[in-house]
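Q: Sequence order for the protein chains is A and B.
Residue numbers for the first sequence, in full-length UniProt numbering: 1 to 495.
Residue numbers for the second sequence, in full-length UniProt numbering: 1 to 494.
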Amino acid sequence: MSYRSILGSRGRRVGEDQVLYDLRIRELASEILGRERDELLWSLFQEPLDSVDAAVYRLDVFRDLMNESIYTAVERFVEKIRLALDYLEMEKDAFEPHKLGLHLDAALTYVEALENFYNEMTSLDVRSQGLRGFMGYIGEIIRGTRFKAMKERAWEAKNARSKIRIRVRIVGDKVHVWRFDGGEDLGKIIEELFARFREGEVKKVRYIPTTSGFSHVHAAILEGAFKLFRDEYETLKRFREEFPEILDEGVVAFAREVRFYLLYLKFMRSLMKRGYAFTIPRFTLDGRIDVRGFYNILLAEKGVAIPNDISTVGSKRIFVVTGMNSGGKTTFATSFGQLAYLAKLGLPLPAERAEIPFFSTITTAYPAREDPRESLSRLEQDVVRAIDILRKADGSTLIITNELFATTTSDEGYVLSKIFLEEVSKRGSYCIFVTFIPQVASLDFVISMVAQPSREDPTKPSYRILPGPPPSEYMAVRIASKYGLSYKELKAMVK
Amino acid sequence: MIEFDLLKLEPREKIATAEDVRLDLELDKIIGVAAGDDKLIAETWLEVLLSKECPKEVTEYRQEAVRDALKNRGSVLRMYQIAREGYEKAYREVFLYRLDDPKFVVNEASSGVSILVDYLEKLLEVVSSTSFTSIAFRSLADSLISNVDKNFIDKAREINSILGFGSSVDFSVEIGVLNSLVNPVLLLPRNEGSIVSRLLFGEKKYTYRLDPRDEAGARILEDIRNWVLAGVATTVLNAFDKLLGFFRELARQLSFYVGAINLSDFLEKAGIPKTYPEINPRKLYFENLYPLSLAISSGRKPVPNSLDLDVDGSFAVIITGVNKGGKTTFIKSVGQALLLARAGLFVPAERFVIPSTGAVLTHFLREEERTFSYGKFEEEVNRFRTLVEAIRRGDYVLMDESFVSTNHVEASVVAENVASALLDSGVNVIYVTFLQDFLYRFIPKYSGKAVLLVPERLSDGTRTYKLVKGAIQPGYALEVWRKIAGENVKVEVA
């Protein structure tokens, strides 16, 4: 039996860097991966999957791992395997007496990891194809004769080692070693002597090692010990000679790959602790979208994300978002884009509940960064981008746009928007269209969403985006009238 | 275990408004006399005087110890001196600024132990040659004598010599995970090559010698030595800390009694009497009580006051009358005496009887509160609220012109509510006030529990600075009105 990757099939590298930039996917990945250095994990975040099956394979593994006991078992297993690998790495440069110990403990750690993990997992309700496959794989290893022999010999060696106890004397530049033959514990004598005084605040003297415990001097002491404990030494040496190879390749690969899940789950938990939800998405086939309480992960990290809903039965697929300035429109669009992207990685989503289509591609058109070398104006760039999008878009494309066609009059902007959206609509693509041109929201084939002001103070945003017609009154006018600058009042004041 | 407790101050908690009481009752003046330049005495006195809990048994326990200390003043002063010197010498000469260097800690702490053992020997001498009579001092002496003997002192000195600088280390060690050396146990050095061990183990030995050029090896050897000493370093350090703590605690507790000796000397020199208070739940009685802080700041023997009041659960002493009549001096002197009394000290009076050893809380007028403002009134009320938060039956609340930051009509209502509530719930009230509405309603209502005091004026108008029992005079204001307005204006009396 050979090892089958716990990641299932791999996705394809995103073609357009601009999408990763606009949806802030790299920032997202670095929040999730933190200081992780494994390149594999970073690249996985840039490889959306091609098929629903591939996503479901991963989501099933997540569903298992969201069970606390399964998560803990896997996490512990991975830690142990990494530890064993570390020992073997250290062994390469160690002194001979240390090599014996590092090799033995790598084996002991590995044996224990495999057995514990297998026993634990068999007692748990593991359902995913991915994890069940891996359990079958290690079950076979454990039952093998080589594994059994290795385990037995390793324990023999360990028992031999624990019999060694020596008396050491350091005097000047000399170290003497004897077999231990009894002696009085000086610390205990002092403790007893001063027990008659009342205990005060207990301080602890810390010993901070300035050299490693694997130096040539330590090796020399060990060598002395081995000379005085000849049989025990032979047992240790024999183990290393008999079992030069310890870890199975497939196990090592699993320990590396499964961290894709563990790191994401760890991240999820940190947000869930702050009251934010995660859900395993269901993929719809009829164009339906129904996402409840989705929020921006990057804002949730700071504890300030406001959840929103978005839904359609599938006949209308274009959402036009308007409303007050700084009211959370862009965040709403970006968050939905991120959500759709994470779904394509086969990850649980930052929402209370999520039913979405499996988008074939996600594409974006955000305001271009000013580039003095570009010969095109921003409006021209917008149009180029829009047309490029339309060229590739189909019935399962998600398009996120932010203030497209903003650098012209609003009449012209409206016309361009209308043309663009009609084309989008014809292709059956999905689109979140953020704009400050309210007429766009009145198009009959779109769903209008509006950023709402706060109830307590209508001059401040609530960051809630709700379906409905765009507001009839502008915030700036309202603020002015609060200071008596409405038409009527101003007129009444001027006599 | 060496056990002693000359103060019985647990739990060491101060009353909530300790800072107010300290300022309002001018405690720094009294503590200044008890402590002189000695900061430790000042600290201890402040803590004892302002401590929250002070049950009757504790008061009596300390009172007995104060009498004992005054009788054996020579020994008490000598013990205090030894305790402080030992503590200060060890503190000065032992450098324990870093706890991450076991070798260094072992060396410093063990030399500290040997310093303190010398002082322990001196202390033992004084204690064994004094015959204390109070429970407090008697049990200190007994505990010391039974726990510290010649054997202990010899052993402690020996340990210092074993751990001295530059000696060899013997330890046992095992081989653990990764073949690292584990569980080092520092051993009492063995007489090498003893016949017995040679016979038993054949003296099989392995020796490793560092190459003279191996500098890294020398550093590693030092590191191993440090590693082995880490465990015992904590032990020796804690032994030293325990000893040091013993001296510090002893000095702290003795400092209270040294302060008492100093205050007693002051009163004697000033010709002011001193008496040990009595506790009688049915009595508030004092005979020639001297205002202590005034005696200290003026350097003269001030005018004393006397009072005799039967107490039925609680009492109220309301003081009113002309300015500069000695009202504030009076309330302060009572507050100070109450604090000294409950602390177990003597008070400056011929006789002093109080109904309880409750806490003393003060609410004195702040000068900035003399103007009317609801903001200030709110602050004042808030301050009062903090003060009464932890109040208990038998406590004493001393108020000097409380609630004057609003007009007297509303202030009187507040004052009446507050004073009645305290009194009815068993809290004692001493209140200096000019609030007329309050006086006219409160005094008749509590005729059995409250007494009104006013500055004494002799028939020729001379002030004596003594307070005497007074009475409210209903209709007095109308009287005055009539007098001045004469018959020209009729006044209808309802």
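The C-beta atom is built at its ideal place from N, Cα and C for all residues, glycine as well.
(1) Once you ignore the five residues that flank residue 464 of chain A on each side, which residues in its own chain have a CB closer than 6 Å to its CB?
(2) Measure the beta-carbon distance from residue 432 of chain B to residue 331 of chain B and round it to whole angstroms, keeping in mind my assumption that it falls under 8 Å.
(3) Going by alpha carbons, who is nearest to residue 307 of chain A out of A:10, A:287, A:277 and A:146?
(4) Who are the neighbours of residue 174 of chain B on chain A, taking C-beta pairs under 7 Å?
(5) When you compare only the Cα positions, how much space is there between residue 52 of chain A and residue 358 of chain A?
(6) Within the segment 374-448 of chain B, note down every full beta strand (DSSP E) run reaching 3 residues or more, in order along the chain.
(7) Measure the CB-CB distance between residue 74 of chain B and residue 116 of chain B and report whether it falls below 7 Å.
(8) Determine the burial state of residue 402 of chain B: buried for a count of at least 16 other Cβ atoms within 10 Å of its Cβ, exposed for fewer.
(9) For a minimum of 3 consecutive residues, which ranges assigned as the beta strand (DSSP E) are wholly contained in the segment 161-249 of chain A?
(10) Excluding five sequence neighbours on each side, which residues of the same chain lie with their C-beta closer than 7 Å to the C-beta of residue 131 of chain A?
(11) Determine whether the beta carbon atoms of residue 91 of chain A and residue 103 of chain A lie at a separation below 7 Å.
(12) With a threshold of 7 Å between beta-carbons, can residue 217 of chain A be considered close to chain B, or not?
(13) Excluding five sequence neighbours on each side, which residues of the same chain lie with their C-beta closer than 7 Å to the C-beta of residue 248 of chain A?
(14) For residue 99 of chain B, go through chain A and note every residue whose CB falls closer than 9 Å to its CB, in chain order.
(15) How would you list, in chain order, the residues of chain B whose beta-carbon sits under 7 Å from the beta-carbon of residue 225 of chain A?
(16) Can you tell me whether DSSP reads residue 306 of chain B as helix, strand or coil?
(17) Just checking: is the beta-carbon of residue 232 of chain B within a distance shorter than 7 Å of some beta-carbon in chain A?
(18) Return helix, strand or coil for residue 555 of chain B, following the three-state DSSP convention.
(19) Could you give the distance in angstroms between the alpha-carbon of residue 446 of chain A and the alpha-carbon of residue 59 of chain A?
(20) Helix, strand or coil, according to DSSP, for residue 74 of chain A in the structure here?
(21) Got a sec? Which residues, its chain only, sit under 6 Å from residue 439 of chain A by beta carbon, not counting five neighbours each side?
(22) What residues in the segment 433-459 of chain A have a beta carbon less than 8 Å from any beta carbon of chain B?
(23) Relative to the C-alpha of residue 363 of chain B, which candidate in B:14, B:18 and B:463 has its C-alpha closest?
(24) Give, in chain order, every residue of the segment 229-241 of chain A whose Cβ lies closer than 7 Å to some Cβ of chain B.
(25) With the cut-off set at 7 Å, would you say residue 223 of chain B and residue 72 of chain A are in Cβ contact?
(26) Could you say which of A:234, A:352, A:232 and A:460 lies nearest to residue 295 of chain A if we only look at CA atoms?
(27) Let me make sure I understand the geometry here. Which of B:243, B:172, B:184 and B:207 has the alpha-carbon closest to that of residue 190 of chain B?
(28) Which residues in the same chain have their Cβ closer than 7 Å to the Cβ of residue 129 of chain A, if we skip the five residues on either side of it in sequence?
(29) Could you check how far apart the C-beta atoms of residue 393 of chain A and residue 404 of chain A are, in whole angstroms? I think they sit under 8 Å.
(30) Going by DSSP in three states, residue 237 of chain B sits in which element: helix, strand or coil?
(31) Please report how far the alpha carbon of residue 298 of chain B lies from the alpha carbon of residue 292 of chain B, in whole angstroms.
(32) In angstroms, rounded to a whole number, what distance separates the CA positions of residue 92 of chain B and residue 77 of chain B?
(33) At a Cβ cut of 7 Å, what residues of the segment 89-107 of chain A count as close to chain B, listed as they run along the chain?
(34) Contact defined as beta carbons within less than 8 Å: I believe residue 119 of chain B pairs with residue 251 of chain B. What is the distance between those atoms, to the nearest angstrom?
(35) Specify the secondary structure class of residue 8 of chain A as computed by DSSP and reduced to three states.
(36) Output needed for residue 130 of chain B: all residues of its chain with C-beta closer than 6 Å, excluding positions within five of it in sequence on either side, in chain order.
A: Based on what the coordinates show:
(1) 452
(2) 5 Å
(3) A:277
(4) 164 and 165
(5) 7 Å
(6) 396-400 and 428-432
(7) no
(8) buried
(9) 165-171 and 174-179
(10) 61 and 64
(11) yes
(12) yes
(13) 141
(14) 203, 204, 205 and 206
(15) 175
(16) strand
(17) yes
(18) Summary: the structure shown does not reach residue 555 of chain B, with chain B confined to residues 1 through 494, and so no result is reported for it.
(19) 32 Å
(20) helix
(21) 414
(22) none
(23) B:18
(24) none
(25) no
(26) A:352
(27) B:172
(28) 57 and 60
(29) Actually they are not in contact, since the Cβ atoms of residue 393 of chain A and residue 404 of chain A sit about 14 Å apart, beyond 8 Å.
(30) helix
(31) 10 Å
(32) 22 Å
(33) 97, 98, 100, 101, 102 and 105
(34) That belief does not hold up - the Cβ atoms of residue 119 of chain B and residue 251 of chain B are roughly 11 Å apart, past 8 Å.
(35) coil
(36) 72 and 75
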